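To keep things clear, I will list the structure first and then write my remarks on it.
Residue numbers (our numbering): 18 to 168.
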């Protein structure tokens, strides 16, 4: 199986507080190792306008959102190690963190973990699914040396 590959695309106008590619690679690597996965993932950091447009197109919601997950749909006859794409609205992540009194990096990493879980097939449509996802998020955040994001 291939190595873990992270393609980081920065499409934000303001990039002052965005962590560097090595941070993203380290976070993704640790998350995927936890799940014994070796995959390629694309992370695109966008402004609110692009987030809103994608959210409207794919989810029917005319507002920006902190993260969108697009799992790769593997063709049955082709073997690729692509996990999918994450679209992160960094300005919204910053604003949410400030409004919630959270550290920006902590909130970003939490949303990154949340998005990867969606790429791996986890959902939060029921109370049981929500509880499972939150437990996994807390566990993975701990592995990444971050505190419980729900406290």
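By construction, the Cβ of each residue, glycine as well, lies at the ideal position given by its N, Cα and C atoms.
Remember, predicted model here, so these are calculated numbers, not experimental data.
Straight-line gap, residue i to residue j (C-alpha atoms, nearest Å)
{"i": "residue 72", "j": "residue 168", "result": "28 Å"}
{"i": "residue 48", "j": "residue 141", "result": "19 Å"}
{"i": "residue 137", "j": "residue 156", "result": "16 Å"}
{"i": "residue 163", "j": "residue 123", "result": "7 Å"}
{"i": "residue 18", "j": "residue 55", "result": "Because residue 18 sits at a pLDDT of 45, beneath the cut-off of 50, its placement in the model cannot be relied upon, and the following sentence gives the value as read from the coordinates. Straight-line Cα distance between these residues: approximately 7 Å."}
{"i": "residue 67", "j": "residue 81", "result": "8 Å"}
{"i": "residue 76", "j": "residue 40", "result": "29 Å"}
{"i": "residue 64", "j": "residue 74", "result": "16 Å"}
{"i": "residue 102", "j": "residue 93", "result": "19 Å"}
{"i": "residue 38", "j": "residue 29", "result": "14 Å"}
Cβ pair residue i, residue j closer than 8 Å
{"i": "residue 44", "j": "residue 104", "result": "no"}
{"i": "residue 99", "j": "residue 57", "result": "yes"}
{"i": "residue 46", "j": "residue 21", "result": "yes"}
{"i": "residue 97", "j": "residue 60", "result": "no"}
{"i": "residue 158", "j": "residue 148", "result": "no"}
{"i": "residue 95", "j": "residue 111", "result": "no"}
Whole-angstrom C-beta distance between residue j and residue i, which should lie under 8 Å
{"i": "residue 35", "j": "residue 62", "result": "6 Å"}
{"i": "residue 86", "j": "residue 132", "result": "5 Å"}
{"i": "residue 134", "j": "residue 154", "result": "7 Å"}
Buried or exposed (CB count within 10 angstroms, at least 16 for buried), residue i
{"i": "residue 32", "result": "exposed"}
{"i": "residue 152", "result": "exposed"}
{"i": "residue 52", "result": "exposed"}
{"i": "residue 115", "result": "exposed"}
{"i": "residue 88", "result": "exposed"}
Please specify which runs of the alpha helix (DSSP H), each continuous and at least 4 residues long, are wholly inside the stretch 134-168, giving them in chain order. Counting whole runs of 4 or more residues, the stretch 134-168 contains the alpha helix (DSSP H) stretches 144-160.
What beta strand (DSSP E) runs, 3 residues minimum, are completely inside the stretch 54-93? 57-63, 84-88
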